[in-house]
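Notes for the one structure printed next.
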Amino acid sequence: MRTGYEGQEAESAGTSSLPRIAVFASGSGSNFQALAEASRAGQLGGEVALLVCDKPGARVLERAREAGVPAAVFEPKRYESRGHYERDVLQTLGRHGVQWIALAGYMRLVTPVLLEAYEGRILNIHPSLLPGFPGLHAVRQALDYGVKVTGVTVHLVDAGMDTGPIVAQEAVAIAEDDTLESLLAKIQAVEHRIYPQVVRRLLAGTYGGQEDKA
Ligand code: GRF
Numbered sequence: 001m002r003t004g005y006e007g008q009e010a011e012s013a014g015t016s017s018l019p020r021i022a023v024f025a026s027g028s029g030s031n032f033q034a035l036a037e038a039s040r041a042g043q044l045g046g047e048v049a050l051l052v053c054d055k056p057g058a059r060v061l062e063r064a065r066e067a068g069v070p071a072a073v074f075e076p077k078r079y080e081s082r083g084h085y086e087r088d089v090l091q092t093l094g095r096h097g098v099q100w101i102a103l104a105g106y107m108r109l110v111t112p113v114l115l116e117a118y119e120g121r122i123l124n125i126h127p128s129l130l131p132g133f134p135g136l137h138a139v140r141q142a143l144d145y146g147v148k149v150t151g152v153t154v155h156l157v158d159a160g161m162d163t164g165p166i167v168a169q170e171a172v173a174i175a176e177d178d179t180l181e182s183l184l185a186k187i188q189a190v191e192h193r194i195y196p197q198v199v200r201r202l203l204a205g206t207y208g209g210q211e212d213k214a
C-alpha cells in the first residue's frame, strides 16, 4: 500500500532535463539530505525527484518534507511477496519518470523486479571498505575487530547484500581513542561528501574514463 504524503506525490515527471533520481531510505536519511541538498544546489547533475521509504514514521520523511522532495511511503508487510511490493514501487518510479536509484540506508534487499528495470542504475552506499564488513553494524564490527582503517564504499547493486561492482571507496583511519560515535561521525562526513560526488560523476559518464585514471 502506498501512502504518499497528501498532495506531495506529484504525478508529473517534471520539466527539468536532468536525470531523475529516486533515493530509497528506511531510517534517519542524512545521506538522502546530502543528495537532496546537492541536487538543489545544482551540484548533482541530476534531480532528486522522489524519496521511496518503506518505514512509515521514519525520520527521513521529515527531511523530505523540509527539502520539498515528494515521498512515496510503502508498507512491505501488506504485500503478498517482495515481488508484489516492488512492482508497486516500480509503477510509482515510472509515474515520476525516475531513471536512477540511490539506496541510502534502505534496509531491504532489491529483487529482480527493480534490478531488471534499472539494470546498472541502482547504487548503494555502505559504511565499510567492502567486501569487508558487509551487512548491518559494519562500523561497530570494524571497531570491534580492531582494524586500523575502515571507510566508505559506493557500489552498484545486485541481488546480494552489499555486493555488486564497486564504483568508489574512501578510507577512514581509526584512531586509538575512537568510539562508535566518533567513528560513525567520521564515516558519515565522508559519506555525505562522496555520495553526491559519485552520483554526479556517474551521471556524467566519467567513471572509468580518463579523468579517473589521472
Ligand atoms: C549509512 O551509514 C549508509 O552507509 C548505510 O546506512 C546508513 C544510512 O544513514 N547504508 P542515513 O539514514 O543516511 O543517515
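Numbering-wise, full-length UniProt numbering puts 6 at position 6 of the sequence shown, and it's gapless, one number per residue.
Every residue, glycine too, gets a C-beta built ideally from N, C-alpha and C.
Quick one: what does DSSP say G151 is sitting in, helix, strand or coil? strand
- Task: Might you give, ordered along the chain, the residues of its own chain that have their beta carbon closer than 7 Å to the beta carbon of P196, omitting 5 neighbours on each side?
- Result: A34, L35, A38, Q43 and L44
> With 16 other CB atoms within 10 Å as the buried threshold, where does V73 fall?
Replying inline: buried
**Prompt:** Does the ligand GRF have even one heavy atom less than 8 Å from the beta-carbon of L103?
**Reply:** Indeed, a heavy atom of the ligand GRF lies less than 8 Å from the Cβ.
Does the ligand GRF have even one heavy atom less than 8 Å from the beta-carbon of V199? Incorrect: V199 has no Cβ contact closer than 8 Å to the ligand GRF.
>> Which residue wins for smallest C-alpha separation from G132, given the options I166, I21 and A41?
In response: Looking at the Cα atoms, I166 is the closest of the given residues.
Stretch pair the stretch 85–93 + the stretch 121–135: three plus CB contacts closer than 8 Å | no
Exercise for review: Check V110 in the structure and name its three-state DSSP category.
Suggested key: coil
At a threshold of 8 Å, does G97 count as lining the ligand GRF (C-beta to nearest heavy atom)? no
Alpha carbon to alpha carbon, what distance is there between R78 and Q210?
Per-residue confidence for Q210 stands at a pLDDT of 46, beneath the threshold of 50, marking its modelled position as unreliable; the derived number appears in the next sentence. Going by the C-alpha atoms only, they are around 48 Å apart.
Give the DSSP bridge partners of H126, in chain order.
For H126, DSSP records a beta bridge to T153.
- Can you tell me the Cα-Cα spacing of L143 and D54, whole angstroms? Looking at the two C-alpha atoms, the distance is approximately 29 Å.
Point to revise | Reference residue 258, options E47, R87, F32 and E86, closest by Cα | key: The question about residue 258 has no answer, for the chain in this structure spans 1 to 214.
Practice item. Give the DSSP-derived three-state secondary structure of L44 in the structure shown. Key: coil
Where I187 sits in the DSSP three-state scheme: helix
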